[in-house]
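Below you'll find the structure, written out as structure tokens, and then a few comments.
Protein chains: 2
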Amino acid sequence: MSDTRDQILDAAEQQFADRGFYGVSLANIAETLGVTKQALLHHFGTKERLYGSVLDRISKDFLNALHTEQMQTLEPEEQLRSFLRDLLDRSSRDASRDRLLVRELLDNSERAAEACAWYMRDFLDALTQVLKACHGWDQATDAEAFCAVYQLVGAASYYAISEPTLTGLGGEEGYRAITEQFGRQYELLIDAVLSRYR
Amino acid sequence: MSDTRDQILDAAEQQFADRGFYGVSLANIAETLGVTKQALLHHFGTKERLYGSVLDRISKDFLNALHTEQMQTLEPEEQLRSFLRDLLDRSSRDASRDRLLVRELLDNSERAAEACAWYMRDFLDALTQVLKACHGWDQATDAEAFCAVYQLVGAASYYAISEPTLTGLGGEEGYRAITEQFGRQYELLIDAVLSRYR
DNA sequence: TCGATACCTTACCCGTTGGTAAGTCAAGAT
DNA sequence: ATCTTGACTTACCAACGGGTAAGGTATCGA
Numbered sequence: 007m008s009d010t011r012d013q014i015l016d017a018a019e020q021q022f023a024d025r026g027f028y029g030v031s032l033a034n035i036a037e038t039l040g041v042t043k044q045a046l047l048h049h050f051g052t053k054e055r056l057y058g059s060v061l062d063r064i065s066k067d068f069l070n071a072l073h074t075e076q077m078q079t080l081e082p083e084e085q086l087r088s089f090l091r092d093l094l095d096r097s098s099r100d101a102s103r104d105r106l107l108v109r110e111l112l113d114n115s116e117r118a119a120e121a122c123a124w125y126m127r128d129f130l131d132a133l134t135q136v137l138k139a140c141h142g143w144d145q146a147t148d149a150e151a152f153c154a155v156y157q158l159v160g161a162a163s164y165y166a167i168s169e170p171t172l173t174g175l176g177g178e179e180g181y182r183a184i185t186e187q188f189g190r191q192y193e194l195l196i197d198a199v200l201s202r203y204r
Numbered sequence: 007m008s009d010t011r012d013q014i015l016d017a018a019e020q021q022f023a024d025r026g027f028y029g030v031s032l033a034n035i036a037e038t039l040g041v042t043k044q045a046l047l048h049h050f051g052t053k054e055r056l057y058g059s060v061l062d063r064i065s066k067d068f069l070n071a072l073h074t075e076q077m078q079t080l081e082p083e084e085q086l087r088s089f090l091r092d093l094l095d096r097s098s099r100d101a102s103r104d105r106l107l108v109r110e111l112l113d114n115s116e117r118a119a120e121a122c123a124w125y126m127r128d129f130l131d132a133l134t135q136v137l138k139a140c141h142g143w144d145q146a147t148d149a150e151a152f153c154a155v156y157q158l159v160g161a162a163s164y165y166a167i168s169e170p171t172l173t174g175l176g177g178e179e180g181y182r183a184i185t186e187q188f189g190r191q192y193e194l195l196i197d198a199v200l201s202r203y204r
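Residue numbers (our numbering), protein chains in the order written: chain A, 7 to 204; chain B, 7 to 204.
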């Protein structure tokens, strides 16, 4: 793949995350790369397709993280735990993907409801299968397990996108407090889900 | 207050919630009301001020809900519980305010960090005081209590904005499942916070 | 050496955007 | 009866939005 293409995706991902689909212009993205907006149109055709490509790449990244060789050797419980810890860790270092994910959640509200073609679906489905392989979850319905997974991923996302606000409101030490507290709380949430809220 | 003014705020709130600040044009809002966009500019001056007025109204509504006479008669614990149940109930019937709140959270990430002037601050501060009046929380720092409150309000919001996606992905029965499950889980979260994660 | 293809540029298009200027018009106040 | 004020309207504008058309240039296989 082209080098420029990836650079465009990087810049677009960052900007879409920061300001949303409508808040970013092609010229805007191009400017940060020192190219013209027609370079973007050359590679992706339209703004929507560029946006879609960004989502695609993220979706694939998530799936890859779930399917590493190291992951396959673990028991389902530990696989889920390990993946979610890693997710939370990455999100707290850089929340831009979470911001994009949540924006997509908001914007997609009409489309998703009918189309069922959400770009995170494959990833969430895969994670759902991991959960269903866990002890106590083998009898659960798909919808039930899916919702549990959704809750786990969502909690991490919401925490991640709140970082700037919490730092602004509570200061540096206030944010450290919630980081620590949330880490503990998140482990408890995983426990609760794995034991199926019993 | 003018009747039109409130109608404009209603329409603007809905549209900003659905499509975000940049996704909505003044002409767009005006069209749904059968007026010209200059009517909006007459009342609010600029698009930003209109948006700010929408947020202001929401902030005041939240504060009012917290300061009803009925609320004042309750013990702090029950006051918090009652308010949060009501919040969750309203959010699950109409998530537009939650969508707006989360969008603001995303967009404000740069501004909020420095300015500390988030429009929900007063409301969250007030709720924080309620929590600090609860048994076991009187010794906690402001930041600690604030973070706990933030977590409670955020959990409800995230649930609310997920409704369309979950309905789309899991179908009607899948959504009913998570609604029920989330209601239970939310009570547990409130319990956990009130007992200070012990 | 030639043609094709990928990559990117300059030049241009036109609908939409937030916003201004100026006028209309009804309701009160003096 | 006149003046003022608030609540709009029509008319207009410059800037920006995504997108098209066409051309230049480097690379590469035949």
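Ideal placement from N, C-alpha and C gives every residue a C-beta, glycine not left out.
Within 7 Å of chain A by C-beta, residues of the region 128-155 of chain B in sequence order:
Across the region 128-155 of chain B, CB contacts with chain A closer than 7 Å involve ALA149, GLU150, PHE152 and CYS153, in sequence order along the chain.
C-beta contact flag for ALA198 of chain B and SER97 of chain B at 8 Å
Result no, Cβ atoms of ALA198 of chain B and SER97 of chain B do not sit closer than 8 Å.
Give the single residue among A:MET77, A:ARG103 and A:ASP113 whose Cα lies nearest to the Cα of ASP16 of chain A.
Answer by Cα proximity: A:ARG103.
Can you pull the chain B residues whose beta carbon is under 9 Å from the beta carbon of GLN187 of chain A, in chain order?
By Cβ distance, chain B contributes GLU150, CYS153, ALA154, GLN157 and TYR203.
Helix, strand or coil for LEU171 of chain A, going by three-state DSSP, please let me know.
Note on residue identity: the sequence assigns Thr, not Leu, to residue 171 of chain A. If DSSP states are grouped into helix, strand and coil, THR171 of chain A belongs with the helices.
Boundaries of the alpha helix (DSSP H) in which LEU15 of chain A is found, first to last residue:
That run of the alpha helix (DSSP H) goes 9-25.
Since ILE14 of chain B and LEU111 of chain A are thought to touch, with beta carbons under 8 Å apart, how far apart are those beta carbons, to the nearest angstrom?
With a contact defined as Cβ atoms closer than 8 Å, ILE14 of chain B and LEU111 of chain A miss out at about 27 Å.
At which residues does the alpha helix (DSSP H) containing GLN76 of chain B begin and terminate?
Counting along the chain, the alpha helix (DSSP H) containing GLN76 of chain B begins and ends at 75-78.
With 8 Å as the limit, tell me which residues of the region 97-115 of chain B have their beta carbon closer than that to any beta carbon of chain A; keep them in chain order.
Cβ contacts with chain A: ARG105, VAL108, ARG109, LEU111, LEU112, ASP113, ASN114 and SER115.
Could you name the residues of chain A that GLY180 of chain B contacts, counting a contact when the two beta carbons are closer than 9 Å?
Taking the beta carbon of GLY180 of chain B as reference, the chain A residues within 9 Å of it are THR147, ASP148, ALA149, GLU150, PHE152 and CYS153, listed in sequence order.
Quick check on ASP100 of chain A: does DSSP put it in helix, strand or coil?
Annotated three-state conformation of ASP100 of chain A is coil, per DSSP.
Per-residue DSSP class, three states only, for CYS140 of chain B
In this structure, CYS140 of chain B counts as coil in the three-state DSSP scheme.
Starting from the beta carbon of GLY51 of chain A, find every residue of chain B whose beta carbon is closer than 7 Å, and list them in chain order.
Listed along chain B, no residue sits closer than 7 Å to GLY51 of chain A by beta-carbon distance, the nearest being about 21 Å off.
7 Å Cβ shell around ILE27 of chain B - same chain, five flanking residues per side excluded
According to the sequence as given, residue 27 of chain B is Phe; it is not Ile. Within the same chain, PHE27 of chain B has close Cβ partners TYR57 and ASP113.
Between ALA146 of chain A and PRO82 of chain A, is the Cβ-Cβ spacing less than 8 Å?
PRO82 of chain A sits away from ALA146 of chain A, with the two beta carbons spaced by 8 Å or more.
On the premise that LEU94 of chain B lies in contact with TYR1 of chain B, defined as a C-beta separation below 8 Å, what is that separation, rounded to the nearest angstrom?
With chain B covering 7 to 204 only, the question about residue 1 of chain B has no answer from this structure.
Report yes if the CB atom of LEU137 of chain B is closer than 8 Å to the CB atom of LEU195 of chain B, and no otherwise.
Going by beta carbons, LEU137 of chain B and LEU195 of chain B fall outside the 8 Å limit.
Between ALA17 of chain A and chain B, is there a C-beta pair that is closer than 8 Å?
Interface residue (Cβ-Cβ distance to chain B less than 8 Å): ALA17 of chain A is not classified as such.
What number of angstroms, rounded off, separates the C-alpha of PHE68 of chain B from the C-alpha of LYS43 of chain A?
Looking at the two C-alpha atoms, the distance is approximately 44 Å.
Between ARG202 of chain A and the rest of its own chain, which residues show a CB-CB distance below 7 Å, the 5 nearest in sequence each way excluded?
Listed in chain order, the non-local C-beta contacts of ARG202 of chain A below 7 Å within the same chain comprise GLY142 and TRP143, local neighbours out to five positions each way being set aside.
Taking the alpha-carbon of LEU4 of chain B as reference, which of B:ILE64, B:GLN76 and B:GLU179 has the nearest alpha-carbon?
Here chain B has residues from 7 to 204 only, and residue 4 of chain B is not among them.
Buried or exposed: which applies to GLU179 of chain A, given that a residue is buried once 16 or more other Cβ atoms fall within 10 Å of its Cβ?
Label assigned to GLU179 of chain A: exposed.
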